[in-house]
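Visitor: If you count the sequence shown from 1, you need to add 33 to reach our numbering. Cβ atoms here follow ideal geometry from the backbone N, Cα and C, with glycine treated the same way. On a predicted model such as this, the values are computed, not experimentally measured, just so you know.
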Amino acid sequence: MKANDVILIGYSGHALVVAEALSLSLYNIVGYLEKRKSDSNLLGIEYLGFEQDEDVLKTIKGILVFPAIGDNFLREKVIGFLNKKGFEFVTAIHPKSNVSSYCKIGLGSLVCQGAIINPFATVGNGVIINTGSIIEHECVINDFAHIAPGAVLAGNVNVGKGSFIGANSVIKQGVIIGDHVTIGAGSVVLKNIENNTTFAGNPAKLIIK
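(1) From this set, 68, 37, 49, which residue's C-alpha is nearest residue 58's C-alpha?
(2) Would you be able to state if there are at least three C-beta pairs under 8 Å between the region 48-67 and the region 84-103?
(3) Tell me whether the beta-carbon of residue 196 lies closer than 9 Å to the beta-carbon of residue 178.
(4) Is it the case that the Cβ atoms of residue 144 and residue 170 are separated by a distance below 9 Å?
(5) Report the rounded CA-to-CA distance for residue 134 versus residue 173, giving the unit in angstroms.
(6) In the structure shown, what three-state DSSP assignment does residue 112 receive?
(7) What runs of the beta strand (DSSP E), each 3 residues or longer, lie entirely inside the region 177-233?
(8) Which residues share a DSSP beta bridge with residue 100?
(9) Would you call the CB atoms of residue 136 and residue 158 closer than 9 Å?
(10) Return the CA-CA distance between residue 118 and residue 229, expressed in angstroms with no decimal places.
(11) According to the Cβ coordinates, are residue 188 and residue 206 closer than 9 Å?
(12) Considering only the beta carbon of each residue, do residue 40 and residue 96 sit closer than 9 Å?
(13) Using the Cβ count rule (16 or more neighbours within 10 Å means buried), how would you classify residue 109?
(14) Would you say residue 103 and residue 129 are within 9 Å of each other, going by their C-beta atoms?
(15) Is residue 89 near residue 100, with beta carbons less than 9 Å apart?
Next up, the structure:
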């Protein structure tokens, strides 16, 4: 076992993006954990077993892990489970992203290629900052949120726990997005959004409460 060895938790299409970011950051991916072995192993990564199998966990104890899971709820669940088992999560930051030295990024979070995170932004644990998204100054992205490709968050936006900001959406400066909110792709959000709702459109309107 080497200090830069890491195991992926999950092996869907999202894991391909994670694997590239980790590899380019000089991590050595030694395998993946998933309920079933993938039929399509494009990267040739070794299947190690299921993350909830206690015998499997004993064999990988001490190796770093990363939650390569796109679904916010499932990612939170897996991180919580493995935290209790004493596993340590790494953070994956693609070298072709632009991340301010004045921002904070939590463990188990992914910053994809082309993403921009500006000064004094705070990104929680288990967050996805996807390809080409922009997180402006002093934004707060809470745990297990997902900022989809091309989304733009103006300054001082606060995104709640487990929320999803759809691709190419725009959030006005200072807006507060509640917990477990879904913002549809291409939406323009001009006002605060309450917890557990779905908004979409330009301007964004309530779809599901």
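Guide: Working from what's here:
(1) Of 68, 37, 49, the residue nearest in Cα terms is 37.
(2) The count of Cβ pairs closer than 8 Å, one atom from the region 84-103 and one from the region 48-67, reaches three, so the stretches are in contact.
(3) Against a cut-off of 9 Å, the Cβ pair of residue 178 and residue 196 comes out as a contact.
(4) For residue 144 and residue 170, no; Cβs fall outside 9 Å.
(5) Their backbone Cα atoms lie some 16 Å apart in a straight line.
(6) In the structure shown, the three-state DSSP call for residue 112 is helix.
(7) Complete beta strand (DSSP E) runs here, min 3: 231-233.
(8) Paired residues: 42.
(9) Contact: no.
(10) Computed Cα separation, rounded: 30 Å.
(11) Yes, they are a contact pair.
(12) The beta carbons of residue 40 and residue 96 sit closer together than 9 Å.
(13) Buried, because 16 or more other Cβ atoms sit within 10 Å of the Cβ of residue 109.
(14) No, Cβ-Cβ distance for residue 103 and residue 129 is not below 9 Å.
(15) The Cβ atoms of residue 89 and residue 100 do not sit closer than 9 Å to each other.
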